[in-house]
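Residue numbers (the working numbering): 17 to 248.
Idealized CB from N, CA, C, for every residue including glycine.
Keep in mind that this is a model prediction, so the values were computed, not measured.
This is the structure we're talking about:
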């Protein structure tokens, strides 16, 4: 298993995230994928003992995650757990995600703040987006997704092989679920804890939330059209 931490300008939190992971899983390999940070994220991650993959260009979250997935696949990992670099995810929930991946034999496990967890740590605009995409994904997937924008995600090697080749480049979480649906892969949600950011603030403003919704809608419909085209 590999712990994957995508990071962009997280110098204030990244060392703490790495250390907290090792408090739970002392021998787990940790890979920080740095998306061309303009601060000391790389040095702080290395000083904490993590391996760092510095990207040569700023790719955005999706490109950052895909780079980590591709390397993990090439290195032969069977499971990858993604943890955000801002400290919002509680590493104590990692074992439950990994156990569920193994027990349920599913391709993805999502850590959900809305399954017996604390779902309060989000702004109003993002909260409305979550409600909207819950409804949309229920229509597409035929099952509920309580936390469709969660970045606390575990995947097995089958999903890793797919995502290492193709992965949504911007705001990837929702489109990734549609990709799973196209391939008839399974996902499961487990409850997790969500904490306030350790430092900084979210870049998702009300205007960006609107852009996010439009962008993801287009991506979802493109994925659906691709799927229907292959069925004909």
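Since residue i sits in a beta bridge, which residues does DSSP pair it with?
i: residue 50; result: 23 and 70
i: residue 172; result: 95
i: residue 105; result: 210
i: residue 124; result: 171 and 203
i: residue 87; result: Answer is none; residue 87 lacks a bridge partner.
i: residue 18; result: 96
Pick out whichever of the options has its Cα sitting closest to the Cα of residue i.
i: residue 212; options: 22, 101 and 79; result: 101
i: residue 58; options: 36, 72 and 27; result: 27
i: residue 206; options: 200, 174 and 160; result: 160
i: residue 67; options: 24, 20 and 112; result: 20
i: residue 71; options: 90, 89 and 49; result: 49
i: residue 24; options: 35, 36 and 78; result: 78
i: residue 169; options: 192, 153 and 185; result: 192
i: residue 75; options: 196, 215, 188 and 200; result: 188
i: residue 146; options: 132, 164 and 199; result: 164
i: residue 107; options: 34, 199 and 198; result: 34
i: residue 196; options: 174, 210, 185 and 209; result: 174
Kindly indicate the opening and closing residues of the alpha helix (DSSP H) around residue i.
i: residue 188; result: 188 to 198
i: residue 37; result: 30 to 40
i: residue 55; result: Residue 55 -> no alpha helix (DSSP H), and no H or E assigned at all.
Residue i lies in the beta strand (DSSP E); which residues open and close that run?
i: residue 205; result: 203 to 207
Going by the C-beta, is residue i closer than 7 angstroms to any heavy atom of the ligand MG?
i: residue 112; result: Among the components of this structure there are no ligands whatsoever, and the ligand MG is therefore not found.
Q. Counting Cβ pairs closer than 8 angstroms, one from the region 112 to 132 and one from the region 49 to 62, do we hit at least three?
A. no
Q: Would you be able to state if there are at least three C-beta pairs under 8 angstroms between the region 84 to 91 and the region 172 to 180?
A: yes
(Q) Counting beta carbon pairs with one atom in the region 90 to 99 and one in the region 61 to 77, are three or more of them shorter than 8 angstroms? (A) no
(Q) Whether or not the region 32 to 49 and the region 102 to 115 are in contact is what I'm after, with contact meaning three or more pairs of Cβ atoms, one per stretch, closer than 8 angstroms; do they touch? (A) yes
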